[in-house]
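In this note's numbering, the protein residues as written are 56 to 360.
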Ligand code: GLN
């Protein structure tokens with residue numbers, strides 16, 4: 056299996072030069088455009104890897120599936136989806152236009168920035184520090200990696216330059232979607248995006264979702280089954296932003312990408328997949344990573360459809 060993975064990585068390195076490392080968050084410019092790697096954790100406990108799987112990067116939008124699960128467990132399904140919708144978008148992940156124009160009075164879904172910021176406002180905690188520390192503990196438990204922490208430079212860089220996110224958040228405060236202090240909510244959001252991981256960590260988190268919320272290596276249920284199912288469904292419809300439809304046709308797996316270059320893929324009841332490839336396509340998805348997942352899905356017949 057490691058040979059198959061190395062071969063898939065080798066075949067798809069050619070796409071990396073067609074993409075760009077994210078630069079709108081200045082610190083992300085330091086990402087390695089040439090890196091491409093994969094890590095797989097099966098539900099039977101086998102692990103496989105290929106390419107530059109040891110590369111570190113920030114989790115970015117992949118954190119949105121983790122906070123969604125936590126927010127639902129904190130507040131219940133009904134409350135969360137009274138504030139954030141479940142529908143995909145054709146706009147970019149940081150778009151403002153849907154917020155006012157769609158006339159729903161709430162962000163379209165929890166995977167775009169507006170929806171994810173609203174979700175961060177629902178994480179319980181007396182202070183934003185406490186809310187973030189609950190997120191970090193949850194990520195550590197899901198990945199089985201107690202050492203995970205935030206990349207402070209990325210956090211500061213994003214906090215300094217995140218004016219688009221700030222405007223989304225203040226707009227949502229004005230419409231009542233966000234009820235608490237906007238800057239405190241944004242602090243949780245910027246920190247959750249800045250958690251540093253490898254694709255091994257992503258594959259472990261994905262394996263928990265593949266196992267419907269039970270940690271495969273301890274047997275402990277950490278996410279209710281219904282919540283895990285909701286998160287996976289929203290990953291299929293919205294996880295790759297405005298590229299989710301094409302991704303579902305070509306790859307057919309619940310997945311979530313981030314502008315740090317990661318993709319987390321879930322093969323239900325089989326395995327968790329983590330990808331790193333900081334060179335991004337125009338939608339903000341890892342350009343090599345999507346191709347790697349396509350080849351993997353075809354070779355192993357993984358499409359859920
Ligand atoms: N932190 C990034 C942002 O808010 C996350 C976006 C992403 O990964 N697509 O812009």
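Glycine included, C-beta positions come from ideal geometry on N, C-alpha and C.
- Listed in chain order, the alpha helix (DSSP H) runs fully inside the segment 156-222 are 168-175, 183-198 and 207-216, counting runs of at least 4 residues.
- Counting only unbroken stretches of 4 or more residues, the alpha helix (DSSP H) elements lying wholly within the segment 317-355 are 342-355, in sequence order.
- The beta-carbon distance between residue 179 and residue 232, rounded to whole angstroms, is 17 Å. This is too long to meet the 8 Å contact definition.
- Beta-bridge analysis with DSSP links residue 310 to 320.
- When C-alpha distances from residue 258 are compared across 142, 97, 163 and 220, the shortest belongs to 97.
- Here DSSP, grouped into helix, strand and coil, assigns residue 142 to coil.
- By the Cβ test, the segment 258-270 is not in contact with the segment 184-191, since fewer than three Cβ pairs between them sit closer than 8 Å.
- With a threshold of 7 Å, the Cβ atom of residue 187 does not count as near ligand 1, since no heavy atom of the ligand is closer than that.
- Across the structure, residue 59 and residue 288 are spaced so that their CA atoms are roughly 29 Å apart.
- The Cβ neighbour count for residue 62, taken over all protein chains shown within 10 Å, is under 16; the residue is labelled exposed.
- Within its own chain, the residues whose Cβ lies closer than 7 Å to the Cβ of residue 196, once the five positions on either side in sequence are excluded, are 277, listed in chain order.
- Shortest Cα-Cα distance from residue 329 to any of 339, 311 and 323 involves 311.
- With respect to residue 70, residue 300 sits apart: the two C-beta atoms are not nearer than 8 Å.
- Here residue 124 has 278, 282 and 286 as same chain residues with Cβ atoms under 6 Å from its own Cβ, once five neighbours each way along the sequence are excluded.
- Nearest Cα to residue 72 within the set 78, 323 and 89: 89.
- Counting only runs of at least 3 residues, the segment 244-298 fully encloses the following beta strand (DSSP E) elements, listed from N- to C-terminal order: 250-252.
- Distance from the CA atom of residue 218 to the CA atom of residue 74, rounded to whole angstroms, is 25 Å.
- Residue burial is scored here from C-beta neighbours: residue 152 has fewer than 16 other C-beta atoms within 10 angstroms and is therefore classed as exposed.
- When DSSP reads this structure, residue 93 sits in a beta bridge with 105 and 330.
- Here the segment 306-326 makes no contact with the segment 130-144; the two share fewer than three CB pairs at distances below 8 Å.
- In the three-state reduction of the DSSP assignment, residue 360 falls in the coil class, being assigned neither a helical nor a strand state.
- Ranking 117, 167 and 326 by CA distance to the CA of residue 99 puts 326 first.
- Annotation for residue 83: no alpha helix (DSSP H) segment contains it, and DSSP assigns it neither H nor E.
- For residue 125, the enclosing alpha helix (DSSP H) covers residues 118-130.
- The beta carbon of residue 142 lies closer than 7 Å to those of 163 and 164 in the same chain, with the five residues before and after it left out.
- Of the heavy atoms belonging to ligand 1, at least one sits nearer than 7 Å to the Cβ of residue 116.
- Using a Cβ distance threshold of 8 Å, residue 175 and residue 206 do not count as a contacting pair.
- In the structure shown, the three-state DSSP call for residue 148 is coil.
- Under the DSSP assignment, residue 60 falls in the alpha helix (DSSP H) whose first and last residues are 57-67.
- Under the three-state reduction of DSSP output, residue 113 falls in the strand class.
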